[in-house]
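K.L.:
This is the structure, below, for whatever I ask next.
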Amino acid sequence: MKKVSLNLIVGSILFIIVVVTAIFAPLIATHDPILDANLMYAEEPPSKAFLLGTDEQGRDIFSRIVYGARISLMIGLVVQMMNTVIGVSLGLSAGYMGGWWDEIVMGMTGLILSIPTVVFALALMSVLGPGIGSLLIALGMTDWAYSCRISRAQVLSLKSQNYIQASYTLGFGNLHIMFKELLPNMIGPIIVIATMGIGSAIMAEAALSFLGLGVVPPAPSWGAMLAKAREQLLFSPWLSVFPGLAIFITVLGFNLLGDGLRDFLDPHGKAKKI
Amino acid sequence: MVALIFKRILQSALTVMIVVTLVFFLFSVIPGTFASSLMGDKRSFDPRVVERIKKELGIDKPLHQRFVTYLAGLSRGDLGKSFSNRRPVVDLLSSRVVASFKLACAAITFAIVVGLPLGFIAAIRAGSLVDTVTMMVAVSGLSVPGFWFGLIAMYLFSLKLGLLPTFGYGSGGIRNLILPALTLGIAPMALLARTTRAAVLDTLNSDFIRTARSKGMSETRVVFKHLGRNAFVIILTTIGLQFGSMLGGSVVVEKLFAWPGVGSMLIDSVSLRDIPSVQGCILVIVLFFLIINTLVDIAYLAIDPRIRYQ
Amino acid sequence: MHEFVSRRVLFKMEKKLFGVLISALFFSLIFSMPAFCDTPMSGGTLRLSAPYGSALKSLDPHVTYRSQDLVVSKAFHRALYTWDSANNSPALDLAESVTADKNGKVFTYKLKKNVYFHNGRKMTADDVVWSYTRLMNPEKGFPGATMVGTIAGAEAFSKGDATSISGLKKIDDYTLQITFSDYNDPGSLLFEAVTAILPREEVKKESFLIHPVGLGPFKFVEHVEGSRIVGEKFDKYYKPGKPYADRVEFVITGDYSVLDMAFRAKEIDATVLSSNAYLAYKADPELSRGLIEIAELFTRHMGFNTQEKPFDDKRVRQAINYAVDRDIIVKKLLKGKAFKATSWLPTTSTAYDSTRKPYPYDPEKAKALLAEAGYPDGFEFEAMVTDKTSSLGVFEAMMPYLAKVGIHAKAKVVESNVLVDAMYAGKAAVWFRSNGTGPDPLKALRTFDSRIPRTGSNVTAFKDSAYDAILDEAAATSDPAKKIELLKKADGFIMDAAPVWFHNYNKAVVATQPWIHNVDGNVTEAAIIEVDSIWLDKNSPTR
Numbered sequence: 027m028k029k030v031s032l033n034l035i036v037g038s039i040l041f042i043i044v045v046v047t048a049i050f051a052p053l054i055a056t057h058d059p060i061l062d063a064n065l066m067y068a069e070e071p072p073s074k075a076f077l078l079g080t081d082e083q084g085r086d087i088f089s090r091i092v093y094g095a096r097i098s099l100m101i102g103l104v105v106q107m108m109n110t111v112i113g114v115s116l117g118l119s120a121g122y123m124g125g126w127w128d129e130i131v132m133g134m135t136g137l138i139l140s141i142p143t144v145v146f147a148l149a150l151m152s153v154l155g156p157g158i159g160s161l162l163i164a165l166g167m168t169d170w171a172y173s174c175r176i177s178r179a180q181v182l183s184l185k186s187q188n189y190i191q192a193s194y195t196l197g198f199g200n201l202h203i204m205f206k207e208l209l210p211n212m213i214g215p216i217i218v219i220a221t222m223g224i225g226s227a228i229m230a231e232a233a234l235s236f237l238g239l240g241v242v243p244p245a246p247s248w249g250a251m252l253a254k255a256r257e258q259l260l261f262s263p264w265l266s267v268f269p270g271l272a273i274f275i276t277v278l279g280f281n282l283l284g285d286g287l288r289d290f291l292d293p294h295g296k297a298k299k300i
Numbered sequence: 002m003v004a005l006i007f008k009r010i011l012q013s014a015l016t017v018m019i020v021v022t023l024v025f026f027l028f029s030v031i032p033g034t035f036a037s038s039l040m041g042d043k044r045s046f047d048p049r050v051v052e053r054i055k056k057e058l059g060i061d062k063p064l065h066q067r068f069v070t071y072l073a074g075l076s077r078g079d080l081g082k083s084f085s086n087r088r089p090v091v092d093l094l095s096s097r098v099v100a101s102f103k104l105a106c107a108a109i110t111f112a113i114v115v116g117l118p119l120g121f122i123a124a125i126r127a128g129s130l131v132d133t134v135t136m137m138v139a140v141s142g143l144s145v146p147g148f149w150f151g152l153i154a155m156y157l158f159s160l161k162l163g164l165l166p167t168f169g170y171g172s173g174g175i176r177n178l179i180l181p182a183l184t185l186g187i188a189p190m191a192l193l194a195r196t197t198r199a200a201v202l203d204t205l206n207s208d209f210i211r212t213a214r215s216k217g218m219s220e221t222r223v224v225f226k227h228l229g230r231n232a233f234v235i236i237l238t239t240i241g242l243q244f245g246s247m248l249g250g251s252v253v254v255e256k257l258f259a260w261p262g263v264g265s266m267l268i269d270s271v272s273l274r275d276i277p278s279v280q281g282c283i284l285v286i287v288l289f290f291l292i293i294n295t296l297v298d299i300a301y302l303a304i305d306p307r308i309r310y311q
Numbered sequence: 015m016h017e018f019v020s021r022r023v024l025f026k027m028e029k030k031l032f033g034v035l036i037s038a039l040f041f042s043l044i045f046s047m048p049a050f051c052d053t054p055m056s057g058g059t060l061r062l063s064a065p066y067g068s069a070l071k072s073l074d075p076h077v078t079y080r081s082q083d084l085v086v087s088k089a090f091h092r093a094l095y096t097w098d099s100a101n102n103s104p105a106l107d108l109a110e111s112v113t114a115d116k117n118g119k120v121f122t123y124k125l126k127k128n129v130y131f132h133n134g135r136k137m138t139a140d141d142v143v144w145s146y147t148r149l150m151n152p153e154k155g156f157p158g159a160t161m162v163g164t165i166a167g168a169e170a171f172s173k174g175d176a177t178s179i180s181g182l183k184k185i186d187d188y189t190l191q192i193t194f195s196d197y198n199d200p201g202s203l204l205f206e207a208v209t210a211i212l213p214r215e216e217v218k219k220e221s222f223l224i225h226p227v228g229l230g231p232f233k234f235v236e237h238v239e240g241s242r243i244v245g246e247k248f249d250k251y252y253k254p255g256k257p258y259a260d261r262v263e264f265v266i267t268g269d270y271s272v273l274d275m276a277f278r279a280k281e282i283d284a285t286v287l288s289s290n291a292y293l294a295y296k297a298d299p300e301l302s303r304g305l306i307e308i309a310e311l312f313t314r315h316m317g318f319n320t321q322e323k324p325f326d327d328k329r330v331r332q333a334i335n336y337a338v339d340r341d342i343i344v345k346k347l348l349k350g351k352a353f354k355a356t357s358w359l360p361t362t363s364t365a366y367d368s369t370r371k372p373y374p375y376d377p378e379k380a381k382a383l384l385a386e387a388g389y390p391d392g393f394e395f396e397a398m399v400t401d402k403t404s405s406l407g408v409f410e411a412m413m414p415y416l417a418k419v420g421i422h423a424k425a426k427v428v429e430s431n432v433l434v435d436a437m438y439a440g441k442a443a444v445w446f447r448s449n450g451t452g453p454d455p456l457k458a459l460r461t462f463d464s465r466i467p468r469t470g471s472n473v474t475a476f477k478d479s480a481y482d483a484i485l486d487e488a489a490a491t492s493d494p495a496k497k498i499e500l501l502k503k504a505d506g507f508i509m510d511a512a513p514v515w516f517h518n519y520n521k522a523v524v525a526t527q528p529w530i531h532n533v534d535g536n537v538t539e540a541a542i543i544e545v546d547s548i549w550l551d552k553n554s555p556t557r
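For the protein sequence lines, the chains are L, Y and C, in the order given. Per my numbering, the first sequence starts with residue 27, numbered consecutively. Per my numbering, the second sequence starts with residue 2, numbered consecutively. Per my numbering, the third sequence starts with residue 15, numbered consecutively.
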């Protein structure tokens, strides 16, 4: 029974709000987030002209948050896509082929899991230097373990099904079986994990920016805005409240969406969340 | 069972070796050197002094030679000397590990003490308002950026209400531990609540519970008595994973609260390009994770040898 | 009868006398109250901050030149000279007197006879010789070697060509003679903790790095890594009566918001403030009372690689100096916590020319200069910055102004060690940095001496023999007034040649609680507070 839960509804609403904000940013924002910088208006509290106040360079925070949705969404989606592709291909092939390849993949997963994301990303980014490119690579390579494990578990349980055996005996190649038969049946749990992973990718970017390694200013990334605003918490709290709130709402949306999708697609709990 | 444990230990050792090698070579290609980090923002050194520093630290030797020396030291339990304060990394780490461990214990305790009951209640009252509210709280806990929460907590509890110290380790007492532990523990707490709920729900729906219910036992007693190994295993795994990754995952919290743990030592060492320190920190973080997880594995083999761990 | 009357009279007189005495005491107390307030009181714990990082580099003062460690070393160690903030110059500390020979290269010191190390041993000339010799160790890279290297024979020793430093001569236990290889102001070289005098028998122990031993006003008690360091009063300190406080505690953190909150919560007695805190404290009637503003001897600038196009043309460099409105940047971005720079030497430098006017904000002039230099449509460049407000933040603020005159500027954010490497290798076209420009103005101006390589300090690779000549003349002059004149001239030369974009001189601000007294304003580094002279009155929470 496909169940439409409250999670799904609220999650979808939030998701749509964020996506719409990102796509229609130029129409929603009141100022240019980077070029409209006038020191005369630096660090002013919310007003008619500047809905959420201004930052230390005199830029409108509301506009920066709106455009920031583009950056966060882009990072979240790209990173999670990379992670999912890597994780699923590795897990799918490992589960299907078994043997030494399976051992290697499991070993790599164990390796990745034992190094905390932030630490790994820190190391990679120190080598690659700050900037969006290195951020995407660093984060895109560190979080594939879960989707890998899940895919593998799925394959292991599906492998013994009759129709798979049938395809095999009929002479269909391994790749065909993996991608045309197995994958479509695993989609549910994978989507769930992927959706929730977007939230953690966005949080990871925020954490890295907080430590000084993420997206480079003057680009309006929420995490970078929070990092900058940290010193000013006491004096200009509006600088940190809103970007933090934006991250919260976005990540919440993805998490709820993920939960809702799970209730909808996978009500029997195949994708046991970890 | 012993064979399984042995295999796990072997796997862990291999993991550690790979990590150590990876980190060593990774950091040797990093731009920026220790000598330049000494100059920081405003001081400058006579280049002859810089040469002597390089010689003293051994950075002028070729890479493979340094790796061999490092491995040799490792086998003796010598993690080298920190570039910045010339003290053995092992000594530096010992106090830091204690601090991080304390923080991790406090955070996981908070997560367990709050998360478990929350998840449990949500499960028994599944579908009710209580369930919805507690799960909302849980999902919010997972969605909130840790350092943002920490900052606001610091502002409220330390500055506005003056109840707690703002930062630092203090004399190692509880008061300094509260805010950082809370900040670090929120996400694990949320995760545990959700996991517990799912695990308990699973048990609730299983057949023998229905039988017990039909026999007329009260809901709570039923659940407690037959909570089931499965549920326990899942909860334990989650606790283990969360606790194991706390040593490295506390980086942001440590930086925020000036907590002198391994995470903040790692960040500082990376900025300074203090390679032996960096390697030591990463080693400790990975080791801790592996040890905790091996312990968790042993624990469930002890609970139920029938459980085949994938 | 006579006796009877006498007794009563006597009694009355006694009462009157008593009354007079009481009033006298009362009034003298009232009138001497202010005097009581100004007299240092002993006792209490000084709670200060080491605000430049989340951990100390090393407890061995010879090993580290980082501000963070210098702040803390002030409590436990001392050098031959110390910084005298009242006179803004170095002053003799471990010696009673010094005489220079007529060539100005040989200095004879009469050391104090009451200096003890924390382990009880008396300091002698041997200790000074040993400490300086240690700094020149050929196997190690001690930052203090940059200063002590100016002593005759030091270089030879550091190369392994000699077994001792010839310029360091012990005349007797309390007399030391130092010969420099060139003209130098020993005070400005030997006042920092990197040249501290240490006891050799303690340094040789492994435990020295965990439990340092020096001869400063406080004895080491404990160090919680990454958190705090504590010292207690050394009762054999060579300045009798000092230190006034019983204990000193430094909180180690690089987080200004944390320090600000702690100060407001009255958990620390004095701390350096960030720009935002400065603004807020200035506006607050309570907090503004204890603010000390200090014009530090650091010049913040954006350096140009003068060997690389288009920065090899003086007009381009000057154009950038005209193009940006620094007043607004200082006022709004830096919250007024900086002094707009004129040229290379800061306002508290002895050779600062207060009559000289800084570059005005003149975008038209900038455009004209650019056109003259062959860039009427501007050009593009990338600057290396670190992610701090004073670096990236300022550069971001510059971007709109540069855009207006046609210059398209991009930022490359890197860690400071990467920046330093690139700078020294000549691989960076433009970078943001802060240079120490004092206390010796000649040394500060040598940065642009063409004979000094990039790795020396001439990172802009500025080359002009006319400039070098002025510096040489200044070095050779023994007439102090003439010297200052020449140095001012050199400073003016640099302003015109503009090898850098002159940004600002740092204004450090120290906030102090009402119960802490005598906090000095150290222009070499505001956070290095003279701990032996601070005292706490009865309102200190630690009494």
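Cβ coordinates follow ideal geometry from the N, Cα and C atoms, glycine included.
Taking a Cβ distance cut-off of 8 angstroms, strictly less, list which residues of the stretch 400-415 of chain C are near chain L, in chain order.
P.N.:
So the close ones are D401, T403, L406, G407, E410, A411, M413 and P414.
K.L.:
Taking only beta-carbon positions, decide if E429/C is within less than 9 angstroms of chain L.
P.N.:
True, the Cβ-Cβ gap to chain L drops below 9 angstroms.
K.L.:
Helix or strand or just coil, what does DSSP make of Y559/C?
P.N.:
Not covered by the structure: residue 559/C. The range shown for chain C is 15 to 557.
K.L.:
Out of curiosity, what's the CA-to-CA distance linking A253/L and R87/Y?
P.N.:
Taking the straight line joining both Cα atoms gives about 32 angstroms.
K.L.:
In chain order, what residues of the same chain have a beta carbon less than 7 angstroms from the beta carbon of L311/C, not counting five sequence neighbours either side?
P.N.:
Excluding residues within five positions, the ones whose Cβ falls inside 7 angstroms are P360, T362, S363, G450, T451, G452, P453, V537 and T538.
K.L.:
Just reading off the beta strand (DSSP E) that D128/L is part of, what are its end residues?
P.N.:
From DSSP, D128/L is part of no beta strand (DSSP E) but of the alpha helix (DSSP H) over G125 to S140.
K.L.:
Exposed or buried, P146/Y, counting other C-beta atoms within 10 Å across all chains shown (16 or more means buried)?
P.N.:
Answer is buried; the Cβ neighbour count reaches 16.
K.L.:
Is the shortest distance between the beta-carbon of P71/L and the beta-carbons of chain Y less than 9 angstroms?
P.N.:
Output row for P71/L: interface = no.
K.L.:
Which class does A522/C belong to by DSSP, given the choice of helix, strand or coil?
P.N.:
In the structure shown, A522/C sits in a strand (DSSP, three-state: E or B).
K.L.:
List the residues of chain Y that P142/L touches, going by C-beta distances under 7 angstroms, in chain order.
P.N.:
Within chain Y, the residues near P142/L are S246, G249, G250 and I286.
K.L.:
Look at the Cβ atom of L383/C, then the Cβ atom of A333/C, and state whether they are nearer than 9 angstroms.
P.N.:
Yes, Cβ-Cβ distance for L383/C and A333/C is below 9 angstroms.
K.L.:
Note down, in chain order, each residue of its chain lying with its Cβ closer than 8 angstroms to the Cβ of I163/L, except the 5 sequence neighbours on either side.
P.N.:
L150 and L154, listed in sequence order.
K.L.:
Would you mind reading off the limits of the beta strand (DSSP E) that contains K354/C?
P.N.:
First-last of the beta strand (DSSP E) with K354/C: A352 to K354.
K.L.:
For A459/C and F274/L, I'd like the C-alpha separation in whole angstroms.
P.N.:
Inspection of the sequence shows that residue 459/C is occupied by Leu rather than by Ala. Spanning the two alpha carbons is a distance of roughly 52 angstroms.
K.L.:
From what residue to what residue does the alpha helix (DSSP H) around L282/L run?
P.N.:
W264 to L291 is the span of the alpha helix (DSSP H), which, as asked, contains L282/L.
K.L.:
Listing by chain order, which chain L residues have their CB less than 9 angstroms from the CB of V140/Y?
P.N.:
Per Cβ cutoff of 9 angstroms: N33, L278, N281, L282 and D285.
K.L.:
Give the residues of chain C in contact with M66/L, contact being defined as C-beta atoms less than 9 angstroms apart.
P.N.:
Neighbours of M66/L on chain C, chain order: I342 and K346.
K.L.:
Kindly indicate if chain C contains any beta-carbon less than 9 angstroms away from that of K62/Y.
P.N.:
Not an interface residue.
K.L.:
Under 9 angstroms between C-beta atoms, does V20/Y make it to chain L?
P.N.:
It does; some Cβ of chain L falls within 9 angstroms.
K.L.:
Hey, how far is the Cα of G142/Y from the Cα of I153/Y?
P.N.:
Answer to the nearest angstrom: the Cα atoms are 14 angstroms apart.
K.L.:
Around the Cβ of N126/L, are there at least 16 other Cβ atoms within 10 angstroms (buried) or fewer (exposed)?
P.N.:
The amino acid at residue 126/L is misidentified as Asn; the sequence shows Trp. W126/L should be labelled exposed.
K.L.:
Using 8 angstroms for Cβ pairs, my map puts I283/Y next to V24/Y. What's the rounded Cβ distance?
P.N.:
Going by Cβ atoms, the distance from I283/Y to V24/Y rounds to 5 angstroms, so yes, they are a contact pair.
K.L.:
Which bits of chain Y does M229/L rub up against, with CB to CB less than 7 angstroms?
P.N.:
The answer, in chain order, is P146.
K.L.:
Looking at the unbroken beta strand (DSSP E) that takes in G450/C, where does it start and where does it end?
P.N.:
Taken as a continuous stretch (DSSP letters only), the beta strand (DSSP E) holding G450/C covers V444 to G450.
K.L.:
Do H91/C and G230/C have their beta-carbon atoms positioned less than 9 angstroms apart in this structure?
P.N.:
In this structure, H91/C lies closer than 9 angstroms to G230/C by Cβ.
K.L.:
Going along chain Y in order, which residues have a C-beta closer than 8 angstroms to the C-beta of M398/C?
P.N.:
Simply none; closest approach about 12 angstroms.
K.L.:
Any residues in the stretch 115-135 of chain L with a beta carbon nearer than 8 angstroms to a beta carbon of chain Y? Which ones, in chain order?
P.N.:
So the close ones are G133.
K.L.:
Pick out whichever of V218/L, G223/L and M251/L has its Cα sitting closest to the Cα of L234/L.
P.N.:
It is M251/L whose Cα lies nearest to the Cα of L234/L.
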